[in-house]
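Keeping their order, the protein sequence lines are chains A and B.
When the count follows our numbering, it moves up by one through the first sequence with no breaks and lands on 137 for the last residue.
When the count follows our numbering, it moves up by one through the second sequence with no breaks and lands on 121 for the last residue.
All remarks here apply to the structure that follows.
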Amino acid sequence: AQKITQTQPGMFVQEKEAVTLDCTYDTSDPSYGLFWYKQPSSGEMIFLIYQGSYDQQNATEGRYSLNFQKARKSANLVISASQLGDSAMYFCAMGPTQGGSEKLVFGKGTKLTVNP
Amino acid sequence: EAGVAQSPRYKIIEKRQSVAFWCNPISGHATLYWYQQILGQGPKLLIQFQNNGVVDDSQLPKDRFSAERLKGVDSTLKIQPAKLEDSAVYLCASTGTGDYGYTFGSGTRLTVV
């Protein structure tokens, strides 16, 4: 069974600073995808970044980067130059690689608060 | 392209009443998912459709929850009768060939009193 663990219920960061949100995972599947989603107070889940288990390079999308350490089974999200609009819940999830349609398994999330 | 549409946005009902939620996925997306997100938790899959067939409904409480996706396009999730513990956000998502992850709708926030 797949499992995602997010150990930080809440995180605080000053505007313009970088922050790392932790995520560890467990699976016996050799091929999998790791995802990060942002959920603002309005409720929608916004896709941020994806990392495939066989990808050699860490994924980056603008201010978001994923620090993928396969041996440690961790997939931490790094947000650089935090903005006030980054305040939200952040969920790490495990699921299929690109093009797959298996379900996503989510962690419990981390609430990020960006202070001015 | 238009996103995943869900309605209603909010719903308050009394326990033992019935309620239905509607979802229209992104055009052309064959796979549709319903997730339940209880306050303070991550979303949990209730049911997955591939076109109009059910792929996974192992976490769906079938004594009270039902879902259908007639014609393989939009979908309805029903709860009858509702319990207090059904209070949650119900998220619909869809995915297409070659996509990374899913596109989620804005969700329906259900409060059972």
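The beta-carbon is built from N, C-alpha and C at its ideal position, and this holds for glycine as well.
Computed from a predicted model, the values in this text were never measured in an experiment.
- What residues in the region 98-116 of chain B bring their beta carbon closer than 8 angstroms to a beta carbon of chain A? Leu-99, Ala-101, Thr-103, Thr-105, Gly-106, Asp-107, Tyr-108, Gly-109, Tyr-110, Thr-111, Phe-112, Gly-113, Ser-114 and Gly-115
Exercise for the section: Return the chain-ordered list of same chain residues with a C-beta closer than 6 angstroms to the C-beta of Leu-42(A), the five sequence neighbours on each side being excluded. Expected result: Sequence index remark: in the first sequence, residue 42(A) carries index 21 (1-based). Around Leu-42(A): Leu-98, Tyr-111 and Thr-131.
(message) With a threshold of 8 angstroms between beta-carbons, can Phe-89(A) be considered close to chain B, or not?
(response) Here residue 89(A) refers to the residue found at position 68 when the first sequence is read from its first residue. It does not: the Cβ of Phe-89(A) has no partner Cβ on chain B nearer than 8 angstroms.
Problem set entry | Asp-64(B) beta carbon less than 8 angstroms from that of Lys-124(A) | Here residue 124(A) is taken as the residue at index 103 of the first sequence, counted from 1. Here residue 64(B) is taken as the residue at index 56 of the second sequence, counted from 1. Result yes, Cβ atoms of Lys-124(A) and Asp-64(B) sit closer than 8 angstroms.
Query raised in the report: So what does Gln-60(A) bridge to, in DSSP terms?
Result: As a working mapping, residue 60(A) is identified with position 39 in the first sequence. According to DSSP, Gln-60(A) bridges with Met-110(A).
Review point. Just checking my contact of Ile-21(B) with Thr-111(B) at CB under 8 angstroms: how many whole Å lie between their CB atoms?
Key: Position 13 of the second sequence holds residue 21(B). Position 103 of the second sequence holds residue 111(B). So it is not a contact: roughly 28 angstroms between Cβ atoms.
(request) Report the residues of the region 32-61 of chain B with a CB closer than 9 angstroms to any CB of chain A, ordered along the chain. (result) Ala-38, Thr-39, Tyr-41, Tyr-43, Gln-45, Gly-48, Gln-49, Gly-50, Pro-51, Lys-52, Leu-53, Gln-56 and Gln-58
- Would Arg-24(B) be called buried (16 or more neighbouring beta carbons within 10 Å of its own) or exposed? As a first step, residue 24(B) must be located in the second sequence, where it is residue number 16. When all chains shown are included, Arg-24(B) counts as exposed.
Which residue from Asp-107(B), Ala-101(B), Leu-118(B) and Val-121(B) puts its Cα closest to that of Met-66(A)? One-based indexing of the first sequence puts residue 66(A) at position 45. When only C-alpha atoms are compared, the closest one is Ala-101(B).
| Comparing alpha-carbon positions, which option in Pro-61(A), Gln-119(A), Ser-103(A) and Leu-55(A) lies nearest Lys-94(A)? | Translated into the one-based positions of the first sequence, residue 94(A) becomes position 73. Here the closest residue by C-alpha is Leu-55(A).
field: Whole-number beta carbon distance between Gly-109(B) and Leu-99(B), since they are thought to touch under 8 angstroms
entry: As a working mapping, residue 99(B) is identified with position 91 in the second sequence. As a working mapping, residue 109(B) is identified with position 101 in the second sequence. Rounded, the Cβ-Cβ distance is 13 angstroms, inconsistent with contact.
Asp-82(B) at chain A interface by Cβ criterion, 8 angstroms: Mapped onto the second sequence, residue 82(B) falls at position 74. Not one chain A Cβ lies under 8 angstroms of Asp-82(B).
Boundaries of the beta strand (DSSP E) in which Tyr-46(A) is found, first to last residue: Residue 46(A) sits at position 25 when you count from the first residue of the first sequence. 45-47 is the span of the beta strand (DSSP E), which, as asked, contains Tyr-46(A).
| message | Output needed for Leu-105(A): all residues of its chain with C-beta closer than 8 angstroms, excluding positions within five of it in sequence on either side, in chain order. | response | Residue 105(A) sits at position 84 when you count from the first residue of the first sequence. Excluding residues within five positions, the ones whose Cβ falls inside 8 angstroms are Glu-36, Val-135 and Pro-137.
| task | For the beta strand (DSSP E) containing Ile-46(B), list its first residue and its last residue. | result | On the second sequence, position 38 is the one that residue 46(B) refers to. Neither: Ile-46(B) is in no beta strand (DSSP E) and is coded neither H nor E.
Considering Cα atoms alone, identify which of Cys-113(A), Gly-64(A) and Asp-50(A) is closest to Ser-86(A). Along the first sequence, one-based indexing puts residue 86(A) at 65. Selected option, being the one with the closest Cα: Cys-113(A).
Taking the alpha carbon of Gln-88(B) as the reference point, which residue from Pro-69(B), His-37(B) and Ala-10(B) has its own alpha carbon closest?
As a first step, residue 88(B) must be located in the second sequence, where it is residue number 80. Ranking Pro-69(B), His-37(B) and Ala-10(B) by Cα distance to Gln-88(B) puts Pro-69(B) first.
Against chain A, with Cβ distances strictly below 8 angstroms, would Asp-64(B) count as a contact? If you number the second sequence from 1, residue 64(B) lands on position 56. For Asp-64(B), the answer is yes, since a Cβ of chain A falls inside 8 angstroms of its Cβ.
*asked:* Assess contact between the region 69-79 of chain A and the region 39-49 of chain B, defined as three or more Cβ pairs (one per stretch) separated by less than 8 angstroms. Is contact present?
replied: no
### Message
Just verifying my parser: in three-state terms, what is the DSSP assignment at Lys-79(B)?
### Response
Residue mapping note: residue 79(B) aligns to position 71 of the second sequence, counting from 1. Three-state result, Lys-79(B): helix.
key: For Leu-118(B), the three-state DSSP class (helix, strand or coil)   = Locating residue 118(B) in the second sequence gives position 110, where the first residue counts as 1. Three-state result, Leu-118(B): strand.
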